[in-house]
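Peer 1: Okay, so the sequence shown: first residue is 65 according to this note's numbering, each after it adds one. Backbone N, C-alpha and C define an ideal beta-carbon position, used for all residues, glycine too. Fair warning: this is a prediction, and the values are worked out from it, not measured in the lab.
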Amino acid sequence: MEYEAAISSSGMLEVLGAFDPRVVGTLPLGLSVPGSDIDVICHALDPTAFAQAIWKQYQSCDGFLLYQWLSSTRPVVARFEWGGWPFEVFGDPRPVKQPHGWLHFEIEKRLLDLDDGRLRKAVLLQRSLGIKTEPAFAAVLGIAGDPYRGLLELASETDMQLRVRLRSW
């Protein structure tokens, strides 16, 4: 089953519709490797209501796990399998476009859209070696230091600046 079919058959986008669900990560970017999961981020201003919606619909799924760190500012996280795919769902109290997961997804998508395909191939090679997505982008682009922070810093660059960066590696 393709990942889009797993999302559809799970009813995820409908079940969590009140929480503004967005599919992010390696699958929609075309950077998945065996074992990649389906990542969904949501705006869960009420973490209890979010957790209840997840619990009600997915508690009987294989590998079901639901947790939240002690701080109320941390997201509720659910993991489970559906249609042969692992899902990881985040319910963050911030609007969807503010957490780092969304910001990383956006800059990675921009970079891939601005490139001629070389970046995708190079990042996929890094991913095939077991490197996580953000460190893979950082390695390919020569971003020193914390790869997660480095990618966030790229988000403020214009498309022209990003094109120059892409030509320089």
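Can the beta-carbon of L130 be found less than 8 Å from the beta-carbon of A142?
Peer 2: Stepping through the sequence shown from its first residue, residue 130 is reached at position 66. Stepping through the sequence shown from its first residue, residue 142 is reached at position 78. For L130 and A142, yes; Cβs fall inside 8 Å.
Peer 1: Going by C-alpha distance, which of L95, S100 and R227 is nearest E152?
Peer 2: Start at 1 with the first residue of the sequence shown, and residue 152 comes out as number 88. Closest by alpha carbon: S100.
Peer 1: Could you round the C-beta distance between Q121 and G75 to whole angstroms and report it? I think they count as a contact, below 8 Å.
Peer 2: If you number the sequence shown from 1, residue 121 lands on position 57. If you number the sequence shown from 1, residue 75 lands on position 11. So it is a contact: roughly 7 Å between Cβ atoms.
Peer 1: Within the same chain, show all residues whose beta-carbon is closer than 6 Å to that of S11, passing over the 5 residues directly before and after it, in chain order.
Peer 2: There is simply no residue 11 to check, as the chain begins at 65 and stops at 233 in what is shown.
Peer 1: Comparing C-alpha positions only, which one of A203, F169 and H168 sits nearest to K53?
Peer 2: Absent from the structure is residue 53, since the part of the chain shown begins at 65 and ends at 233.
Peer 1: Answer with buried or exposed for P98, where buried requires no fewer than 16 other C-beta atoms within 10 angstroms of its C-beta.
Peer 2: In the sequence shown, the residue the question calls residue 98 occupies position 34. P98 comes out exposed.
Peer 1: Taking W146 as part of the alpha helix (DSSP H), name the residues at either end of that continuous run.
Peer 2: Position 82 of the sequence shown, counting from 1, holds the residue named residue 146. Careful: W146 lies outside any alpha helix (DSSP H), inside the beta strand (DSSP E) at V140 to W146.
Peer 1: Is the beta carbon of L93 closer than 8 Å to that of I102?
Peer 2: The sequence position of residue 102 within the sequence shown is 38, counting from 1. The sequence position of residue 93 within the sequence shown is 29, counting from 1. No, the pair does not count as a contact, with Cβ atoms beyond the cut-off.
Peer 1: Buried or exposed: which applies to A200, given that a residue is buried once 16 or more other Cβ atoms fall within 10 Å of its Cβ?
Peer 2: For the purposes of this step, residue 200 is taken as the residue at position 136 of the sequence shown. It is buried - the Cβ of A200 has at least 16 other Cβ atoms within 10 Å.
Peer 1: Can you list, in chain order, the residues of its chain with a C-beta nearer than 8 Å to that of D179? Leave out the 5 residues immediately preceding and following it.
Peer 2: In the sequence shown, the residue the question calls residue 179 occupies position 115. So the qualifying residues of the chain are L230.
Peer 1: If contacts are defined as beta-carbon pairs under 8 Å, then C106 and F169 qualify, I think. What distance do you get, rounded to the angstrom?
Peer 2: Position 42 of the sequence shown, counted from the start, is the residue given in the question as residue 106. Position 105 of the sequence shown, counted from the start, is the residue given in the question as residue 169. That pair is no contact at about 14 Å.
Peer 1: Please determine, among D126, D177, S96 and L80, the residue with the shortest C-alpha to C-alpha distance to M224.
Peer 2: For the purposes of this step, residue 224 is taken as residue 160 along the sequence shown, with counting starting at 1. Nearest C-alpha to M224: D177.
Peer 1: Put D177 into one of helix, strand or coil per three-state DSSP.
Peer 2: Indexing the sequence shown from 1 puts residue 177 at position 113. It is helical.
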